[in-house]
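See below for the structure under consideration.
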Amino acid sequence: MSAEVNSFAGKIALVTGASSGIGLTTAQLLAMRGASVVLAARREEDIAAHAEAIRAAGGKASHIRTDVADAGDVEAMVANTVETHGRLDIAVNNAGIGETVVPIVDMADADWDAVIDTNLRGNFLCLKHQARAMLAAGNGGAIVNVGSVNSFLGCAAFAHYCASKSAQIGLTSSASAELAPQSIRVNLVCPGIIDTPLHRRARTKFGDAAYDELIEHRIHLKRAGQPIEIARAIAFLASDEASFITGTTLTADGGFHLTL
Ligand code: NDP
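Everything in the sequence shown is counted per numbering that gives the first Met the number 0, starting at 0 for the first residue and increasing by one.
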């Protein structure tokens, strides 16, 4: 029996949105714990450099440029992972955007489409191709989607983002129901306010005062989270430690969604 908690030695893990923030930290953590990690995102120079840094630190990593909203890219991402590493054991569907802050009555259709295409359709496309690869290999697997505290909470001027994130709950539990018989677990991690480039851009748009008010009055721990605190939650659900957990959401938000 191994005493090492959450060891990923010998596992092949694919992380989308790995050029920045939560995805990058998750890729680094999984690699540090022994996984061979594939970093996927659109900014190829960034993921190439991050994969190189993981290898320089003694880990195993490769990268593939991917736009998760593009079906061909996603199919190629999974095919490349299987060709390069032989199979896929763990997938973290973390890529997401939340750049536009605009009321529904003023929202351009293109703004709606961009967020839904990346956050929801992108998650669906990734799940589909990852599940196909896992089913073909017949070894089971673990898929962790990344939602948000906005999977539960609406927010003025952020309807597209909240709609995309709440729909991931249904996508995750439905995928779990379909894939559990083949020992593929599917779960959703819902972060609260986490100090990443996405958060810093959103903070500028909603306003510093609004964010400080949120943190002071809504978050029990009275601070933003750090990417590593989400990466650890993702790693837990991806690990054998979570062997009886599937179809559910794990909220990591310092108590945000519990306070009126
Ligand atoms: P970042 O902006 O730091 O990172 C987002 C990542 O997603 C980048 O690596 C980006 O890479 C990638 N990405 C965006 N669009 C695409 C695309 N079309 N195809 C492939 N990759 C894409 O944000 P976070 O780390 O904060 O966000 C990660 C996830 O966590 C998101 O799903 C977000 O919604 C969620 N989240 C974050 C919260 C926070 O407060 N930070 C709170 C709740 C949820 P590239 O640009 O290179 O493609």
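Yeah, the Cβ is synthetic: ideal placement off N, Cα and C, and Gly gets one too. Note that the structure is a prediction, hence the values are computed from the model and not measured.
TODO: Would you check if the distance between the CB atom of H256 and the CB atom of V100 is smaller than 7 angstroms?
DONE: Residue numbering aside, residue 256 sits at position 257 when the sequence shown is read from its first letter. Residue numbering aside, residue 100 sits at position 101 when the sequence shown is read from its first letter. Not in contact: H256 and V100 (Cβ atoms no closer than 7 angstroms).
Open item on the list: Does S1 come out as helix, strand or coil in the three-state DSSP assignment?
Closed with: Along the sequence shown, read from residue 1 onward, the residue named residue 1 stands at position 2. Its pLDDT being 46, under 50, S1 is placed unreliably by the model, and nothing is read from it.
Open item on the list: Give me the residue from A251, C189, G140 and A107 with the minimum Cα distance to H159.
Closed with: Your numbering for residue 159 matches position 160 in the sequence shown. Checking every option, the nearest Cα to that of H159 belongs to A107.
Task: the ligand NDP heavy atom lying under 6 angstroms from the CB of N93 - done: Along the sequence shown, read from residue 1 onward, the residue named residue 93 stands at position 94. Yes.
Task: C-beta atoms of G146 and Q129 nearer than 7 angstroms - done: As a working mapping, residue 146 is identified with position 147 in the sequence shown. As a working mapping, residue 129 is identified with position 130 in the sequence shown. The answer is no: Cβ separation not under 7 angstroms.
Task: Cβ-Cβ separation, C125 to V67 (assumed contact under 8 angstroms), whole Å - done: One-based indexing of the sequence shown puts residue 67 at position 68. One-based indexing of the sequence shown puts residue 125 at position 126. At roughly 6 angstroms, the Cβ-Cβ gap stays under 8 angstroms, so V67 and C125 are in contact.
Open item on the list: Tell me which residues share the same chain as P196 and place their Cβ nearer than 7 angstroms to its Cβ, disregarding the 5 neighbours each side in the sequence.
Closed with: Taking the first residue of the sequence shown as position 1, residue 196 is located at position 197. S19 and G20.
Open item on the list: Please return the same chain residues whose Cβ sits closer than 7 angstroms to the Cβ of G95, not counting the five positions on each side in sequence.
Closed with: Working through the sequence shown from its first residue, we reach residue 95 at position 96. Excluding positions up to five away in sequence, the list reads G16, T117, N118 and V145.
- [ ] Compute the Euclidean distance between the alpha carbons of S1 and G9, then round it to the nearest angstrom.
- [x] To locate residue 1, count along the sequence shown from 1; it is residue 2. To locate residue 9, count along the sequence shown from 1; it is residue 10. For S1, the pLDDT reaches just 46, beneath the cut-off of 50, and the residue's location in the model is therefore unreliable, leaving the point undetermined.
TODO: At 4 residues or longer, and completely inside the segment 196 to 245: list those alpha helix (DSSP H) runs for me, N to C.
DONE: 196 to 205, 207 to 217 and 226 to 237
TODO: Run the proximity test for I214: is its beta-carbon closer than 6 angstroms to any non-hydrogen atom belonging to the ligand NDP?
DONE: Residue 214 sits at position 215 when you count from the first residue of the sequence shown. Outside the cutoff, so no.
Open item on the list: My assumption, with CB atoms under 8 angstroms, is that H219 sits in contact with G169. Please give the rounded CB distance.
Closed with: Numbered from 1 along the sequence shown, position 220 holds the residue referred to as residue 219. Numbered from 1 along the sequence shown, position 170 holds the residue referred to as residue 169. Wrong, their Cβ atoms sit about 27 angstroms apart, outside the cutoff.
TODO: Reducing DSSP to helix, strand and coil, say where L119 ends up.
DONE: Residue mapping note: residue 119 aligns to position 120 of the sequence shown, counting from 1. L119 falls in the helix class under three-state DSSP.
Task: Extent of the continuous alpha helix (DSSP H) run through H62 - done: Here residue 62 refers to the residue found at position 63 when the sequence shown is read from its first residue. It is not in any alpha helix (DSSP H) - H62 instead sits in the beta strand (DSSP E) that spans K59 to R64.
- [ ] Compute the minimum distance between the beta carbon of V73 and the heavy atoms of the ligand NDP, and state whether it is under 6 angstroms.
- [x] For the purposes of this step, residue 73 is identified with residue 74 of the sequence shown, where counting begins at 1. Incorrect: V73 has no Cβ contact closer than 6 angstroms to the ligand NDP.
- [ ] Confirm the yes/no value for this check: CB of A40, any heavy atom of the ligand NDP, distance under 6 angstroms.
- [x] For the purposes of this step, residue 40 is identified with residue 41 of the sequence shown, where counting begins at 1. Yes, the beta carbon of A40 sits closer than 6 angstroms to at least one heavy atom of the ligand NDP.
Open item on the list: To test your reading of the DSSP string, which unbroken beta strand (DSSP E) runs of 3 or more residues are found completely within the segment 116 to 185?
Closed with: The qualifying runs are 140 to 145.
TODO: Please state whether DSSP places L259 in a helix, a strand or coil.
DONE: Reading the sequence shown from its first residue, position 260 is the one you call residue 259. Reduced to three states, the DSSP call for L259 is coil.
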